[in-house]
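Peer 1: One structure, as structure tokens, below. Some questions next.
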Amino acid sequence: MSRPTRAPGRLARYGFGTAEGDGGARAADLLGPDGLRLWQPEEQEPADEAAAELLAALSRAADPDLALRQLHRIVEAERRTSGGSAEGRTSAESSLLAELHTDPGLRRRLVAVLGASAALGDHLVANPDHCLALRTAPDGLAPIAEGRLEPTGGGNAVAALRTAYRLALLRIAAADLTGGRGLEQTMGALSALADATLAAAYEIAVTELAEGTERPRLAVVAMGKCGGGELNYVSDVDVIFVAAEDADLPAATLVATRLIHICGLVAWPVDAALRPEGNRGPLVRTLASHLAYYRRWARTWEFQALLKARPAAGDVPVAQEWIDQLAPLVWRAAERPEAVEDVRAMRRRIIDHIPPKELEREIKRGPGGLRDIEFAVQLLQLVHGRVDETLREPGTIPALRALVAGGYVGRADGEALLRGYRFLRSVEHRLQLQALRRTHTVPSEPGALRWLAGALGFTATPGRSAVESFRAEWVTHAAEVRRLHAKLLYRPLLESVARVPADGLRLTPEAARHRLEILGFADPAGALRHLEALTGGVSRTAAIQRTLLPVLLSEFADAPEPDRGLLNYRKVSDKLGSTPWYLRLLRDGGPVARRLARVLALSRYVADLLARDPEALRLLAEENELAPRPPEVLREGFLAAAARHTDPVEATRAVRALRRRELVRVACADVLCRAGALAPAPSRPDGANRPARGLVDITEVGTALADVTDATLAAALRAARASQPAPEGLRFAVIGVGRLGGYESNYLSDADVLFVYDPPAGASESAASAAAHAIAEELRRLLGVPASDPPLGVDADLRPEGRQGPLVRSLAAYAQYYARWSRVWEAQALLRARFVCGDADLGAEFETMIDPVRYPAGGLTREQVVEIRRIKARVETERLPRGADPATHTKLGRGGLADVEWAVQLVQLRHAGAVPSLRDTRTLDALAAAERAGLIDPADAAEMAAGWSLAAQVRNALMLVRGRAGDQLPRHGVELAGVVRLLGRDDPGEFLDEYLRTGRRSRAAAQRVLEA
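Note that our numbering has the sequence shown beginning at 10, numbered continuously upward.
Shown next, in the form of structure tokens:
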């Protein structure tokens, strides 16, 4: 094999020439006979084995060209300082190169520093002997890199301190770059170095005081990253100066001023702007002055800054006393009404001040940067650290670990934030180490990006460069940090927890019992037993429950029966507490916890449904999941569930489970729709490309429940027909009547239906009738099978001849009956008839057949009008339960549902034959059409609509509150209070007065229509 003819080509394999773009030509000069003499250009190979090892080390540097140039400059400087001409000396005579050949540890550390930091390389060029600070110790260990300052001698104290600082920084950087220290150890060492530098500068400043000046009691308190033990390579060091007494102030101010000046000369600027009043305030204050300011004037961000305070230098007891006395103020800061929003607003302002061209490259202040993590952690500390002292950690990483351990942050979220924090801090360290200047912006130049990727350990892989790998990981971390920042910083539970006094968060038995009594629990001892069962032990589940329960107790207390809310929560938690998603959903799922508390405390109906299907509470997490589903989506889903089973019982069980889930959806949306900030706000377009429906009024609830019933009947009919033999071509349809037909179902409504069939041509009528009866009976049986799901009764009592008549009739039989024997009340019942499921053509034919019956062309005779009035009066007398209060009975009471419906239906029977707009099965729609047609006075129409709507709302609310059917609004007690609360009102007495007033007006209006 022939060798290449040019050395640079071979050197390029070591990584030289990449930055220079010269293929290694410059490296050949520096390494060749006229340079370091590590490379033989003729043989195109290292000069010897030692040279090969040094070349290999240089090739592993973040920037091999930079490392080589710096090493060459250091050797040249060494030659100059040792005397003699460069021409007369050989590379073997370089003591540094000799050390590098014999000390692999020194070689690895020095080359890593030279390839990563031009600034430290320049320092070593100026001070070649400092390279030996990285030598391996006689015991084989690396030099200590804990941030200690080692005496360097010399007359000038400040100069000696600067030298000691640079040597310590050099050792820390070497340990960091060679894997001798992890990120946390590096940050700790840099913070310890800052402490030592502050302490040394403090002593220098004290010694410079005028003779006879008494040493002041002055504390230097570290703040910011230094206070948190997470300092980076180049940063202002934030401090606050605290004097013990007024007498200390003059000398203390001199010492503080001189300390700032010395540190600026030695290492970095000292920033005291976090002190009270910032740069406008005095540099040094007494302990008493500090306390007075923080008690009266401090803003939320100032308490947030105090999370990282710790003694750094000077009079440590004074610093510790200052911290201890301010701690109670810090841990009460989150209870301010504006505290949580203040922290959020501060984060937004920081982003707003970033120049637009740097926004996407800012790893500290930009979205998805370090500040996102720090602000989220600090806000959680302020809110939860009031009672959990394990969270009172000044450092971001220890605080985040404590939040995860305490259950305040999910394990996966916590790990993602830790990974993001470590990555971003590592990028920040490498950027700052290069030139030892303060920067947090990822460069855009290709060469600088290549260097950064190399410094972080990224290497090229097939199909992907090191820079591309770095960018991919950066984008991934930034996106995850941004997502988790929004999730944690804007978690609704935070504001709720912040509003609970600190004593209310301490769920010790005594404190809990006292708080339960204050919150209005009727049985504090029983409630305490529930709390102990939920929060007992040291498990993570118990820790999360201890976080959630103070907020939930406040929500339960807003309900008329707090004890019931807590009991229901205990039942749900007992069933789901061991599942991994349950408590995580309550803690992290936006308003889920408070929504759950509201529905459990206000609605026995929802609590019973959740007890049967606790996983349905996932619906509370998504706004769009609390919107009723479109009817076509429901029907498709229910039919698909039934089709997956050949056994009709199993098919119907699957359908009933879906119905239960939909009832939870509608009921939860109904309970929450008047809950202010907890109310769902669906935004998803539905299948028909319309906005997702919400439960804005009672008609939406009735429609949603009717849609669920329609889909249930359709799926059950499919299962019934699949299990019952029938003549081929037999058509069968289900017609909805009553509240189902009028889209006015409530939570416990039966399905009022008529069954109609049409035999195929040439088939036996008796065989077709028997098959249709079998299908109808099977449908009713399947939906009536005992199960844990809410029952759906199928009621066909409104059929011709009622219970004495056949369950199913043919279309022709219906036509014959209605033509010959139907009475006016049956025509009235048909006003709400509509096709529900089965054969759509047959349903349409049925509706066409009954139209002349329910919409008579000539209206009603006088006798028929009198008959309707007589029947209504009899219904009021006979069907109103014994002892019922007619003023507050929602269905049959004065101005309630029946009054309005009878009046509207009378108008329809009299005029719908001539006014097609009246042909509507919905009560309010028909009422509105009658008003537009001039058949009902607008004022009467408004009173009737108000009366019907309020009665329907109260009737549904009663069912939600009680968990069982009921039409009577009580005049006092917890059920009245529950209805009032659920409907978004405050005062039960005022609400009852409104109901009675609305009912009277509705009754009067209905009477005028009935008697017209």
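Every residue gets a Cβ at the ideal spot worked out from N, C-alpha and C, and that includes glycine.
Under the rule that 16 or more other beta-carbon atoms within 10 Å means buried, what is Gln-813, buried or exposed?
Peer 2: For the purposes of this step, residue 813 is identified with residue 804 of the sequence shown, where counting begins at 1. The residue in question, Gln-813, is exposed, as its Cβ has fewer than 16 Cβ neighbours within 10 Å.
Peer 1: Taking the C-alpha atoms as reference points, what is the distance between Arg-668 and Val-963?
Peer 2: Counting from one through the sequence shown, the residue named residue 668 turns up at place 659. Counting from one through the sequence shown, the residue named residue 963 turns up at place 954. Spanning the two alpha carbons is a distance of roughly 23 Å.
Peer 1: Are the region 760 to 767 and the region 615 to 631 touching by the rule of at least three beta carbon pairs closer than 8 Å?
Peer 2: In short, these stretches do not touch, since the Cβ pair count stays below three.
Peer 1: Quick one: is Arg-1012 buried, meaning 16 or more other Cβ sit within 10 Å of its Cβ, or exposed?
Peer 2: Along the sequence shown, one-based indexing puts residue 1012 at 1003. So Arg-1012 ends up on the buried side.
Peer 1: Would a C-beta distance cut-off of 8 Å place Thr-718 and Ser-775 closer than the cut-off?
Peer 2: The residue labelled residue 718 in the question sits at position 709 within the sequence shown. The residue labelled residue 775 in the question sits at position 766 within the sequence shown. Their beta carbons are not under 8 Å apart, which means Thr-718 does not touch Ser-775 by this criterion.
Peer 1: With which residues is Glu-371 paired in a DSSP beta bridge?
Peer 2: Residue mapping note: residue 371 aligns to position 362 of the sequence shown, counting from 1. Beta-bridge pairing links Glu-371 to Thr-450.
Peer 1: Alpha carbons only, please: which of Gly-377, Pro-50, Tyr-211, Val-710 is nearest the one belonging to Leu-493?
Peer 2: As a working note, residue 493 is residue 484 in the sequence shown. Leu-493 has its Cα closest to that of Gly-377, out of Gly-377, Pro-50, Tyr-211, Val-710.
Peer 1: For the beta strand (DSSP E) containing Cys-272, list its first residue and its last residue.
Peer 2: As a working note, residue 272 is residue 263 in the sequence shown. Premise fails: Cys-272 lies in the alpha helix (DSSP H), 258 to 275, not in any beta strand (DSSP E).
Peer 1: If we require 4 or more residues per run, which alpha helix (DSSP H) segments fall completely within the region 895 to 938?
Peer 2: Counting whole runs of 4 or more residues, the region 895 to 938 contains the alpha helix (DSSP H) stretches 906 to 920.
Peer 1: Return the first residue and the last residue of the alpha helix (DSSP H) that Cys-235 is part of.
Peer 2: As a first step, residue 235 is located in the sequence shown; it is residue number 226 there, counting from the start. That run of the alpha helix (DSSP H) goes 233 to 236.
Peer 1: Between the Cα of Leu-540 and those of Leu-557, Ser-612, Asp-351, spot the shortest distance and give me the residue it belongs to.
Peer 2: For this step, residue 540 is matched to residue 531 along the sequence shown. Comparing Cα positions, the closest option is Leu-557.
Peer 1: Rounded to whole angstroms, what's the CA-CA distance from Leu-1005 to Ile-553? Just pull it up for me.
Peer 2: Within the sequence shown, numbered from 1, the residue matching residue 1005 stands at position 996. Within the sequence shown, numbered from 1, the residue matching residue 553 stands at position 544. When rounded, the distance between both Cα atoms is 46 Å.
Peer 1: Let me check understanding here. Comparing Cα to Cα, which of Ala-780, Tyr-211, Ala-636 lies closest to Asp-716?
Peer 2: On the sequence shown, position 707 is the one that residue 716 refers to. Of Ala-780, Tyr-211, Ala-636, the residue nearest in Cα terms is Ala-636.
Peer 1: To which residues of the same chain is Gly-1008 closer than 7 Å at the C-beta, ignoring the five residues directly before and after it?
Peer 2: Within the sequence shown, the letter at position 999 stands for residue 1008. Once the five neighbours on either side are set aside, the close Cβ partners of Gly-1008 are Ala-896, Gly-902, Arg-903, Gly-904, Gly-905, Gly-956.
Peer 1: Tell me where the alpha helix (DSSP H) around Tyr-826 begins and ends.
Peer 2: Counting from one through the sequence shown, the residue named residue 826 turns up at place 817. Tyr-826 -> alpha helix (DSSP H) spans 820 to 829.
Peer 1: Do you know how far the Cα of Gly-416 is from the Cα of Leu-991?
Peer 2: On the sequence shown, residue 991 is found 982 positions in, with the first residue counted as 1. On the sequence shown, residue 416 is found 407 positions in, with the first residue counted as 1. Spanning the two alpha carbons is a distance of roughly 32 Å.
Peer 1: When burial is assigned at 16 or more other CB atoms within 10 Å of the CB, is Trp-590 buried or exposed?
Peer 2: Translated into positions along the sequence shown, residue 590 becomes position 581. With fewer than 16 other Cβ atoms within 10 Å, it is exposed.
Peer 1: CB-CB under 7 Å to Arg-604, same chain, minus the five flanking residues each way: which ones, in chain order?
Peer 2: On the sequence shown, residue 604 is found 595 positions in, with the first residue counted as 1. Excluding positions up to five away in sequence, the list reads Leu-629, Leu-681, Leu-687.
Peer 1: According to DSSP, is Tyr-614 helix, strand or coil?
Peer 2: In the sequence shown, the residue the question calls residue 614 occupies position 605. The answer is helix: DSSP assigns Tyr-614 an H, G or I state.
Peer 1: Thinking Tyr-614 and Leu-969 are a contact (beta carbons under 8 Å), I'd like their distance in whole angstroms, please.
Peer 2: In the sequence shown, residue 614 corresponds to position 605, counting from 1. In the sequence shown, residue 969 corresponds to position 960, counting from 1. Rounded, the Cβ-Cβ distance is 5 Å, consistent with contact.
Peer 1: Since I believe Ile-359 is in contact with Val-451 (beta carbons under 8 Å), could you give me their beta-carbon distance rounded to a whole number of angstroms?
Peer 2: Here residue 451 is taken as the residue at index 442 of the sequence shown, counted from 1. Here residue 359 is taken as the residue at index 350 of the sequence shown, counted from 1. With 8 Å as the limit, Val-451 and Ile-359 do not qualify as a contact, their Cβ atoms being about 18 Å apart.
Peer 1: Using the Cα positions of His-362 and Arg-446, report the straight-line distance between them to the nearest angstrom.
Peer 2: What you label residue 362 is simply residue 353 of the sequence shown in a count that begins at 1. What you label residue 446 is simply residue 437 of the sequence shown in a count that begins at 1. Spanning the two alpha carbons is a distance of roughly 21 Å.
Peer 1: Whole angstroms is fine: what's the gap from Ala-701's alpha carbon to Glu-709's?
Peer 2: As a first step, residue 701 must be located in the sequence shown, where it is residue number 692. As a first step, residue 709 must be located in the sequence shown, where it is residue number 700. Any answer about Ala-701 is weak, because its pLDDT of 48 lies below 50 and its placement is not dependable; what the coordinates show is given next. Approximately 12 Å, taken between the alpha carbons.
Peer 1: Does the beta-carbon of Asn-165 have 16 or more other beta-carbons within 10 angstroms, so that it is buried, or is it exposed?
Peer 2: Residue 165 sits at position 156 when you count from the first residue of the sequence shown. Counting Cβ neighbours within 10 Å, Asn-165 comes out exposed, since fewer than 16 surround it.
Peer 1: With a threshold of 7 Å on Cβ separation, who are the neighbours of Asp-257 within its own chain once the five nearest residues in sequence on each side are excluded?
Peer 2: Taking the first residue of the sequence shown as position 1, residue 257 is located at position 248. The residues are Pro-225, Arg-226, Leu-227.
Peer 1: Could you tell me if Ser-582 is buried or exposed, where buried requires 16 or more neighbouring beta carbons within 10 angstroms of its beta carbon?
Peer 2: Residue numbering aside, residue 582 sits at position 573 when the sequence shown is read from its first letter. Classification for Ser-582: buried.
Peer 1: Output the distance between the C-alpha atoms of Leu-178 and Leu-199, rounded to the nearest integer angstrom.
Peer 2: The sequence position of residue 178 within the sequence shown is 169, counting from 1. The sequence position of residue 199 within the sequence shown is 190, counting from 1. Distance between the alpha carbons of Leu-178 and Leu-199: 8 Å.
Peer 1: Quick one: give me the first and last residue of the beta strand (DSSP E) that Phe-844 is part of.
Peer 2: As a working note, residue 844 is residue 835 in the sequence shown. Its beta strand (DSSP E) spans residues 843 to 847.
Peer 1: Considering only C-alpha positions, which residue in the set Leu-851, Leu-592, Ala-650, Glu-51 is nearest to Leu-626?
Peer 2: Here residue 626 refers to the residue found at position 617 when the sequence shown is read from its first residue. For Leu-626, the nearest C-alpha among the options comes from Leu-592.
Peer 1: So the candidates are Thr-932, Asp-908, Ala-907; which of them puts its Cα closest to the Cα of Gln-917?
Peer 2: On the sequence shown, residue 917 is found 908 positions in, with the first residue counted as 1. If we check each option's Cα against that of Gln-917, Thr-932 comes out closest.
Peer 1: Please report the Cβ distance between Phe-479 and Leu-461, rounded to the nearest whole angstrom; I am assuming they are in contact, meaning their Cβ atoms lie under 8 Å.
Peer 2: For the purposes of this step, residue 479 is identified with residue 470 of the sequence shown, where counting begins at 1. For the purposes of this step, residue 461 is identified with residue 452 of the sequence shown, where counting begins at 1. Contact holds; Cβ gap of about 7 Å.
Peer 1: For the candidate residues Glu-887, Ala-866, Arg-883, Glu-876, whose alpha-carbon lies nearest to that of Arg-928?
Peer 2: Reading the sequence shown from its first residue, position 919 is the one you call residue 928. Looking at the Cα atoms, Ala-866 is the closest of the given residues.
Peer 1: Rounded to whole angstroms, what is the Cα-Cα separation between His-782 and Ser-773?
Peer 2: Numbered from its first residue, the sequence shown carries residue 782 at position 773. Numbered from its first residue, the sequence shown carries residue 773 at position 764. Each residue's alpha carbon lies about 14 Å from the other.
Peer 1: If I measure Cβ to Cβ from Ser-11 and keep anything under 8 Å in the same chain, skipping five residues before and after, which residues do I get?
Peer 2: Translated into the one-based positions of the sequence shown, residue 11 becomes position 2. With a pLDDT of 39 at Ser-11, under the threshold of 50, the modelled position of that residue is not reliable, and the figure given next carries that caveat. Same-chain partners within the cutoff: there are none.
Peer 1: The beta strand (DSSP E) with Val-1024 in it runs from where to where?
Peer 2: Within the shown structure, residues of the chain are numbered from 10 to 1021, placing residue 1024 beyond reach of any answer.
Peer 1: Closer than 8 Å by C-beta to Arg-491: which residues in its own chain qualify, once you throw out the five before and the five after it? Chain order, please.
Peer 2: Walking along the sequence shown from the start, residue 491 turns up at place 482. Excluding sequence neighbours, Arg-491 sits near Pro-376, Gly-377, Asp-381.
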